[in-house]
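Below is one structure, written out as structure tokens; comments come after it.
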Amino acid sequence: MKLRRERLAPAKHIIIATGARPRVLPGIEPDKKLVWTYFEAMVPDRVPKSLLVIGSGAIGIEFASFFRTLGSDVTVVEVLPQILPVEDQEIQAFARKSFEKQGIKIHTNAKVTKLDRKGDGVTATIEEGGKSQTLTTERVISAVGVVGNIENLGLEKVGVKTDRGTVVVDKLNRTSVPGIYAIGDVAGPPMLAHKAEHEGVVCIEAIKGLNPHPMNKLMIPGCTYCSPQIASVGLTEQAAKEKKLEIRVGRFPFMGNGKAIALGEDQGLVKVIFDKKTGQLLGAHMVGAEVTELIQGYVVAMNLETTEEELMHTVFPHPTLSEMMKEAVLDAYGRVLNM
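For the sequence shown, the positions run 426 to 764 when this note's numbering is used.
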């Protein structure tokens, strides 16, 4: 059968939404059998008895927690000084202790330099503290980040600017070429589904001339679906100090909350950061049960430019986990009630 080739009419607007793929590092290339990316980890042929996870970002930690829950002997190797590098240091330290208590072995300031695949296992060479050691596991997950799918699209020919594997866009997702836009993972971090969806809305509304509000990436919540859960929005304490801001920091532990105790989930922490001069909520960080559901309360507050006074005057229902959100605010101002 002969196919008829038709010439497509030129489009006035083109949106690039080609997503991203796992980043591949030399020497630890995935083979989809012994060395997985997150694609293969989602549909394993079986639960491995032992597992090495390379990288401790959200993807790496989620799979480390998941497979440990299923019974795998899990080891995590991270090249940076802390796991979950984008999270607040205090929150990640709390999470690390919890993971290690569950039996996950974690190596930071370490890197995998070689993978030797034999039979039904992999022997990894790990460099840590100037020393080299080997570890043999049944499977390896490479979770060292993602890179945008920008190749073979003809972007170079039309002059679309790219940077480190992603398309450069402005606040309305316009590229350097008029009429061409990019959304989602290919448009750069944070590479999150809810960020991509909102970018699509902003982009289309801008094309329609509806004058949408540009998305503030600082107000995009980040959630890590591990056990315990981790959620955050805004500046970390370290980032606020690096900006030379005068801050107030409040904390409230899960063990001070009746609902958390009743649920048997009394291990966790809620942390908030305020601008000392204005009372502006700069960031919120949580670790513990259901925090991925709770974080949106702080996201709404930040979008409404809510101050600490308004949060303290807000009545939270009892008994709920959400009460900890108010208690953390009260703690920042020396007025905590239940601790």
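Every residue gets a Cβ at the ideal spot worked out from N, C-alpha and C, and that includes glycine.
- The straight-line gap separating the alpha-carbon atoms of R446 and A621 is approximately 15 Å.
- Considering only K458, K522 and R448, the residue with the shortest C-alpha distance to S652 is K522.
- Non-local C-beta neighbours of G681 in its own chain, meaning closer than 8 Å and more than five positions away in sequence, comprise M749, E752, N763 and M764, ordered along the chain.
- For A685, the enclosing alpha helix (DSSP H) has its first and last residue at G683 to L688.
- With respect to the C-alpha of P639, the residue from C648, C628 and K536 having the closest C-alpha is C628.
- A buried status is given to E690, since no fewer than 16 other beta-carbon atoms sit within 10 Å of its beta-carbon.
- Beta-bridge partners of R493 (DSSP): none assigned.
- In the structure shown, the three-state DSSP call for D756 is helix.
- Per the C-alpha coordinates, the member of N534, T533 and F519 positioned closest to Q527 is F519.
- Out of L746, H738 and T731, the CA that lies nearest to the CA of M711 is found in L746.
- Taking a cut-off of 8 Å for Cβ pairs, the stretch 464-476 and the stretch 530-544 do not touch, as fewer than three such pairs fall below it.
- Residues S481 and T533 of the same chain have their beta carbon placed closer than 6 Å to that of E503, with the five preceding and five following residues left out of the count.
- Boundaries for C651: no alpha helix (DSSP H) harbours it, and the DSSP string shows neither H nor E there.
- The beta-carbon distance between F488 and I566, rounded to whole angstroms, is 5 Å. This is short enough to meet the 8 Å contact definition.
- Going by beta carbons, A549 and L560 fall inside the 7 Å limit.
- V697 and R760 have their C-alpha atoms spaced approximately 14 Å apart.
- Beyond the five residues adjoining it in sequence on each side, D498 comes within less than 6 Å, by CB distance, of S475 in the same chain, given in chain order.
- When DSSP states are grouped into helix, strand and coil, D541 belongs to the strand group.
- Per DSSP, reduced to three states, the secondary structure at L476 is strand.
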